[in-house]
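Below is one structure, written out as structure tokens; comments come after it.
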Amino acid sequence: QVQLVESGGGLVQPGGSLRLSCVSSRSSFSINAMGWYRQAPGKQRELVAIMYTAGNTDYADSVKGRFTISKDSATSTVYLQMNNLKPEDTAVYYCYRREAWGETNWGQGTQVTVSS
Numbered sequence: 244q245v246q247l248v249e250s251g252g253g254l255v256q257p258g259g260s261l262r263l264s265c266v267s268s269r270s271s272f273s274i275n276a277m278g279w280y281r282q283a284p285g286k287q288r289e290l291v292a293i294m295y296t297a298g299n300t301d302y303a304d305s306v307k308g309r310f311t312i313s314k315d316s317a318t319s320t321v322y323l324q325m326n327n328l329k330p331e332d333t334a335v336y337y338c339y340r341r342e343a344w345g346e347t348n349w350g351q352g353t354q355v356t357v358s359s
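According to our numbering, the residues represented by the sequence shown are 244 to 359, in order.
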């Protein structure tokens with residue numbers, strides 16, 4: 244099983260920025276997709292951003308133009324740069340990784356709170 248360790252969450256004011264990081268315990272050669280989901284209290288977990296092996300990406304409509312996903316294959320790390328944060332971005336953010344053979348793994352989550 245792959246271990247995914249997230250960092251970078253915290254409390255930020257509206258309009259502020261945060262950068263989340265997720266490091267995998269397994270090398271990146273077998274990755275099919277890697278990305279971020281989030282879950283707010285009382286809501287279902289939703290996709291935020293995902294990057295596929297070919298480099299193409301998908302974003303939730305609510306974060307397009309504000310969030311950017313990137314990766315460092317050499318260190319098996321995926322990042323989520325979040326700018327112009329809004330209170331509705333408050334949630335626990337989870338790192339996600341899917342292997343070429345379909346295995347999926349999740350991180351433990353990191354809390355992002357946007358509040359004045």
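Glycine is no exception: its CB is placed at the ideal position from the N, C-alpha and C atoms.
Environment of residue i [buried if 16+ CB atoms lie within 10 Å]
i: G345; result: exposed
i: A276; result: buried
Counterpart residues of residue i in DSSP-defined beta bridges
i: W344; result: Partner(s): none; W344 has no beta bridge.
i: D315; result: T320
The beta strand (DSSP E) enclosing residue i, as first and last residue numbers
i: E289; result: E289 to Y295
i: T353; result: T353 to V357
i: D301; result: T300 to Y302
Sequence-distant residues of the same chain with beta carbon closer than 6 Å to residue i, five excluded per side
i: Y295; result: A276
i: L254; result: T356
i: R341; result: N275, A276 and T347
i: Q354; result: G252 and V335
Residues of its chain near residue i, where Cβ-Cβ distance is below 7 Å and the 5 sequence neighbours each way are ignored
i: A343; result: S273 and N275
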